[in-house]
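Student: Per the UniProt record's numbering, the sequence shown starts with residue 1, numbered consecutively. The structure is given below, and queries will be raised subsequently.
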Amino acid sequence: MDSQCYPGGCQVVPIWKLVAMWPSEKEEEENNVILISDDDDDDEGESTQGSSVLFVEPQEKSPLEEKKSEELVDEEGDLVVTYCKQASVMPHARHDCTTQPFERSESDTCFPLGKNADICDQCYCYICDKLAAECQLWTVPSLCHCNAHNKSNFWKAQRNFALAGILATFNLELLELDTELRRGGDLLEKFIRDLSVAYNKYLVGERICPPGHECCCQPKLPPGQCRVCSSRNMEVVYKYSDVFELVTRFLNQADQESPKAAAVMLLGAAKQIALHKDPALLRSCQNLSHTASLRIAVPFLFQRIITRLQRMLVLCDFPKILCGKFVEYFQSISLPCHCYAFSNSLNVLPWDHVQLTTVLKGQNITGQRRQKGRKTYLWEALPVVEARVEKLLEKKKYKEVVRYLRAVKCNENQRLRDLRDLIPFYLCKTGNFLDAAHSLLFPVNSLACCSACRITPCQFKVYLKIFRTGCVPSGNDMLETGPWVTAGSPLRNTVLIKQALKLLYSSEALYRNAKCWSSFIMILGSSDLLEKRGHLLPLALGEPPLSFQENVLAASGNFLEDLKSGVNVSLPSAIFSGQLHHEASLVLAVQAVQQMLCCDLPHLTSFLEIVLAFGKNFWALRLLLDQLCCEEHILCGTANLLLRDLSREEGTMLRVWQNLGPQYVGEFLCLFLTCRHKRMQSVGLFSLNVVIENLHLCPWAKQLCTFFHESGLGQLPFGTTVHQEVSKFVGAFEKL
1 MDSQCYPGGC QVVPIWKLVA MWPSEKEEEE NNVILISDDD DDDEGESTQG
51 SSVLFVEPQE KSPLEEKKSE ELVDEEGDLV VTYCKQASVM PHARHDCTTQ
101 PFERSESDTC FPLGKNADIC DQCYCYICDK LAAECQLWTV PSLCHCNAHN
151 KSNFWKAQRN FALAGILATF NLELLELDTE LRRGGDLLEK FIRDLSVAYN
201 KYLVGERICP PGHECCCQPK LPPGQCRVCS SRNMEVVYKY SDVFELVTRF
251 LNQADQESPK AAAVMLLGAA KQIALHKDPA LLRSCQNLSH TASLRIAVPF
301 LFQRIITRLQ RMLVLCDFPK ILCGKFVEYF QSISLPCHCY AFSNSLNVLP
351 WDHVQLTTVL KGQNITGQRR QKGRKTYLWE ALPVVEARVE KLLEKKKYKE
401 VVRYLRAVKC NENQRLRDLR DLIPFYLCKT GNFLDAAHSL LFPVNSLACC
451 SACRITPCQF KVYLKIFRTG CVPSGNDMLE TGPWVTAGSP LRNTVLIKQA
501 LKLLYSSEAL YRNAKCWSSF IMILGSSDLL EKRGHLLPLA LGEPPLSFQE
551 NVLAASGNFL EDLKSGVNVS LPSAIFSGQL HHEASLVLAV QAVQQMLCCD
601 LPHLTSFLEI VLAFGKNFWA LRLLLDQLCC EEHILCGTAN LLLRDLSREE
651 GTMLRVWQNL GPQYVGEFLC LFLTCRHKRM QSVGLFSLNV VIENLHLCPW
701 AKQLCTFFHE SGLGQLPFGT TVHQEVSKFV GAFEKL
């Protein structure tokens with residue numbers, strides 16, 4: 001039989017464990033021990049060793065303890081307890097006290113009921129959560145805390161407000177309060193005190209003299225200086241500016257706090273400014289600034305508060321219960337007439353709402369849903385849309401972003417359109433390049449025009465680079481300069497050319513921009529491999545046979561005309577997918593650039609970028625110049641544009657030549673110096689003069705002279721001017 005405990009602190013121990021468990025003197029003074037033997041003999045005349053129960057008691061017992069001793073007999077009669085120790089009284093609320101009677105009522109605060117004011121040493125105040133003897137409002141009339149108990153909603157609210165402060169107005173349980181919420185509550189209470197002072201000052205107003213008021217007293221003082229007239233005609237103006245500045249500082253402070261604290265601060269500020277009234281009514285609204293007029297300033301502040309709260313409800317992972325209480329608190333605010341537009345602004349769909357989840361999963365591509373016989377749409381405010389996109393992008397859920405943007409509706413169509421313009425990029429992030437190329441050319445939900453009409457030349461270049469290489473920027477910004485990663489297989493060469501030309505033809509701004517044409521040429525003349533930093537790897541292609549060039553020019557001419565007119569045509573795969581597909585692509589680019597120059601040369605702002613885009617493929621650039629010779633005015637206009645670019649970008653050209661080396665510069669000069677048209681020869685002469693005038697910046701100039709000798713440039717039949725300039729250049733280095 002193991003030891004057992006009985007009421008009163010008695011311990012029952014088998015007698016065979018007596019030696020091992022014999023209590024010390026100190027324990028004997030504190031405990032009663034009952035020892036039970038396994039001897040079944042019940043003879044009372046037996047010695048102590050033979051008895052079934054042995055009582056071990058203190059040597060001395062106080063009369064008080066003897067008085068408190070009671071006899072307890074179990075049902076079987078085998079055990080008799082002759083002493084019970086009274087339990088210690090623990091701290092407790094007054095209404096739970098066992099020594100003092102308590103009378104309950106719902107909300108009686110006038111005076112103590114019955115004996116509710118009587119307390120024991122361990123009674124606590126239910127409201128203050130401290131000893132009742134320390135409560136200063138224990139029996140104060142109209143505030144009697146002695147009547148408080150946990151069965152009354154009134155007293156529960158009083159307790160919550162006492163322990164939670166201003167947070168009690170948010171209907172938050174005490175267990176829900178954490179350091180963030182308490183921080184927000186403390187800042188809000190201080191703000192309310194400061195706001196009360198500023199608002200009371202606003203209600204007093206400023207007494208000013210009306211402008212242009214003339215003094216009617218003697219001796220006709222200037223306006224505002226006569227106290228008699230001014231006192232009769234003073235006008236009271238109410239300026240909300242000081243209150244506006246105070247609220248703005250508080251909102252700025254909320255932006256620096258944690259999400260929970262900020263939410264408490266924003267909601268509390270909204271409730272306070274919603275209570276503000278304009279004593280002037282409609283008298284001075286037209287003469288005050290937007291910060292001085294209450295009816296203008298309060299909606300402005302509300303807009304800022306609501307926008308921040310809408311984003312927080314989407315971005316911050318608030319517990320669902322806490323989020324609901326925030327919304328309920330806002331809905332309890334009595335909005336003034338100038339803020340009615342914000343009534344339902346915090347009715348933000350949670351992430352687990354069925355209409356939203358079906359859209360994100362691709363089960364509902366339109367966002368429409370029939371509910372109780374009525375069609376409902378996925379409609380959300382713009383800050384909510386922006387926050388959802390931001391959250392999904394943060395989690396790299398690009399497919400969900402595309403589905404959401406295609407389905408959601410918003411009252412600000414233009415800004416929503418700007419978000420939708422990035423759908424092709426998000427599709428590229430998923431590796432779906434063909435769908436991305438198509439989405440650039442087709443509007444979303446019948447908007448005014450497609451995304452291609454609004455993309456910039458830099459974005460055009462990025463899209464072509466993505467389609468060419470199958471790589472995308474690692475971040476969520478398509479123009480960032482970070483590393484690129486592989487997302488999928490690149491588009492076929494024929495599809496790439498067709499989609500790129502469609503983009504150029506769909507936007508007049510792109511079609512007339514030299515950067516777009518240089519990007520188009522550079523992409524077609526580069527490898528489908530990409531450096532980690534996103535730089536293209538240009539190809540130095542050999543010149544294909546003239547017959548091949550003529551065939552490509554013939555095929556591409558009709559193709560470009562049909563494509564420009566909107567006919568769905570395809571490039572001949574035998575030419576543009578064969579062994580010389582890179583060369584064929586450059587020839588087609590030459591044909592497209594020629595057509596652009598013939599139609600839109602006056603709108604072109606630069607031609608140097610197009611020239612440099614060909615890289616070391618001078619045969620393709622020569623083909624372009626030969627094509628332009630057919631129309632002299634186009635050739636002259638192009639040469640003039642190129643000369644203007646060279647004069648403006650002289651320093652840039654020197655840096656480019658330094659990077660590319662004398663071989664590139666030599667071929668560049670030879671190309672223009674040997675051109676049949678004298679106007680194009682002037683481009684070569686100008687470039688040669690740039691080198692001569694900047695020999696200190698051209699350490700490779702002597703190698704350039706060697707290149708002229710090896711290429712036989714000195715023996716070519718030039719015109720007089722060209723021959724003299726080249727001879728002068730070569731002779732200068734021969735003397736050195």
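We treat Cβ as the ideally placed atom computed from N, Cα and C, and that holds for glycine. Everything numeric in this text was worked out from a predicted model, so none of it was measured.
If you draw a straight line from the C-alpha of residue 188 to the C-alpha of residue 267, how long is it?
Tutor: The straight-line gap from Cα to Cα measures roughly 9 Å.
Student: Can you name the residues that DSSP bridges to residue 93?
Tutor: In the DSSP output, where bridge partners are listed per residue, residue 93 has 124.
Student: Rounded to the nearest angstrom, what separates residue 375 and residue 506 at their Cα positions?
Tutor: Roughly 36 Å between the two C-alpha positions.
Student: Under a Cβ-count criterion, where at least 16 other Cβ atoms within 10 Å of its own Cβ denotes burial, should residue 344 be classed as buried or exposed?
Tutor: Its Cβ having fewer than 16 others within 10 Å, residue 344 is exposed.
Student: With a CB to CB cut of under 6 Å and the five nearest residues on each side skipped, what residues in its chain are close to residue 89?
Tutor: The answer, listed in chain order, is 122.
Student: Kindly indicate which three-state DSSP category residue 194 falls into: helix, strand or coil?
Tutor: The answer is helix: DSSP assigns residue 194 an H, G or I state.
Student: Please determine whether the Cβ atom of residue 95 lies at a distance below 7 Å from any heavy atom of the ligand FAD.
Tutor: Ligands displayed in this structure: none; no statement on the ligand FAD is therefore possible.
Student: From the DSSP output, read off the bridge partner residues of residue 374.
Tutor: According to DSSP, residue 374 bridges with 371.
Student: Do residue 539 and residue 582 have their C-beta atoms within less than 8 Å of each other?
Tutor: Yes, these two residues count as a Cβ contact at 8 Å.
Student: Per DSSP, residue 486 forms a beta bridge with which residues?
Tutor: Answer by DSSP bridge pairing, in chain order: 471.
Student: Can you look up residue 465 in the DSSP assignment and give me helix, strand or coil?
Tutor: Three-state result, residue 465: helix.
Student: Do residue 775 and residue 162 have their CB atoms nearer than 8 Å?
Tutor: Coverage of the chain is limited to positions 1 through 736, which leaves residue 775 absent and any answer about it impossible.
Student: For a minimum of 3 consecutive residues, which ranges assigned as the beta strand (DSSP E) are wholly contained in the region 479 to 528?
Tutor: With a minimum length of 3 residues, the continuous beta strand (DSSP E) runs that stay inside the region 479 to 528 are 484 to 486.
Student: Three or more beta-carbon pairs under 8 Å between the region 458 to 473 and the region 402 to 417, yes or no?
Tutor: No, the region 458 to 473 is not in contact with the region 402 to 417.
Student: Tell me whether residue 528 is buried or exposed, calling it buried when 16 or more other Cβ atoms sit within 10 Å of its Cβ.
Tutor: When all chains shown are included, residue 528 counts as buried.
Student: Quick one: residues in its chain with C-beta nearer than 8 Å to the C-beta of residue 439, no 5 flanking neighbours on either side, listed in chain order?
Tutor: Result list for residue 439: 423, 424, 427, 451, in chain order.
Student: Run through the DSSP bridge pairs and tell me what residue 379 is partnered with.
Tutor: Note: residue 379 sits in a beta bridge opposite 409.
Student: With burial defined as no fewer than 16 other Cβ atoms inside 10 Å of the residue's Cβ, what is the status of residue 676: buried or exposed?
Tutor: Result: exposed.
Student: Figure out for me which residue from 256, 481, 325 has the closest Cα to the Cα of residue 534.
Tutor: Comparing Cα positions, the closest option is 481.
Student: Just to confirm the assignment: which complete alpha helix (DSSP H) runs, minimum length 4, are found wholly within the region 265 to 344?
Tutor: Here the runs fully enclosed are 294 to 315, 320 to 331.
Student: By the DSSP assignment, the alpha helix (DSSP H) with residue 586 in it spans what residues?
Tutor: First-last of the alpha helix (DSSP H) with residue 586: 581 to 600.
Student: Which partner residues does residue 207 have in the DSSP bridge list?
Tutor: The partner list for residue 207 (beta bridge, DSSP) reads 236.
Student: Pick helix, strand or coil for residue 137, following the three-state DSSP scheme.
Tutor: Coil, per DSSP.
Student: Using a Cβ-Cβ cutoff of less than 6 Å, which residues in the same chain neighbour residue 191 once the five nearest sequence positions on both sides are dropped?
Tutor: So the list reads 250, once near-sequence residues are dropped.
Student: With distances taken from CA atoms, which of 545, 546, 572 is nearest residue 558?
Tutor: Selected option, being the one with the closest Cα: 572.
Student: Grouping DSSP H, G and I as helix and E and B as strand, with all else coil, what is residue 247?
Tutor: Here residue 247 sits in helix by DSSP.
Student: Hey, how far is the Cα of residue 737 from the Cα of residue 520?
Tutor: As displayed, the chain neither begins before 1 nor continues past 736, which places residue 737 out of reach and without an answer.
Student: Give a yes or no on whether the C-beta atoms belonging to residue 278 and residue 288 are separated by under 8 Å.
Tutor: Cβ atoms of residue 278 and residue 288: not closer than 8 Å.
Student: Per the contact definition of three or more C-beta pairs closer than 8 Å, is the region 380 to 396 in contact with the region 341 to 357?
Tutor: Contact between the region 341 to 357 and the region 380 to 396 is present, because at least three Cβ pairs lie under 8 Å.
Student: According to DSSP, is residue 80 part of a helix, a strand, or is it coil?
Tutor: In the structure shown, residue 80 sits in a strand (DSSP, three-state: E or B).
Student: Rounded to the nearest angstrom, how far is the Cβ of residue 120 from that of residue 139, given a contact under 8 Å?
Tutor: Their Cβ separation, rounded to whole angstroms, is 16 Å, which puts residue 120 and residue 139 out of contact at 8 Å.
Student: Indicate whether the contact test is met: 3 or more Cβ pairs, each with one atom in the region 667 to 683 and one in the region 639 to 658, closer than 8 Å.
Tutor: Judged by Cβ distances under 8 Å, the region 667 to 683 makes contact with the region 639 to 658, as three or more pairs qualify.
Student: Alpha carbon to alpha carbon, how far is residue 129 from residue 143?
Tutor: If you take the alpha carbons of residue 129 and residue 143, they lie about 15 Å apart.
Student: Is the Cβ-Cβ distance between residue 467 and residue 496 less than 8 Å?
Tutor: In this structure, residue 496 lies closer than 8 Å to residue 467 by Cβ.
Student: Cα-Cα, which of 169, 628, 615 is closest to residue 601?
Tutor: Here the closest residue by C-alpha is 628.
Student: Does the distance from the C-beta atom of residue 514 to that of residue 605 stay below 8 Å?
Tutor: Taking 8 Å as the Cβ cut-off, residue 514 and residue 605 qualify as a contacting pair.
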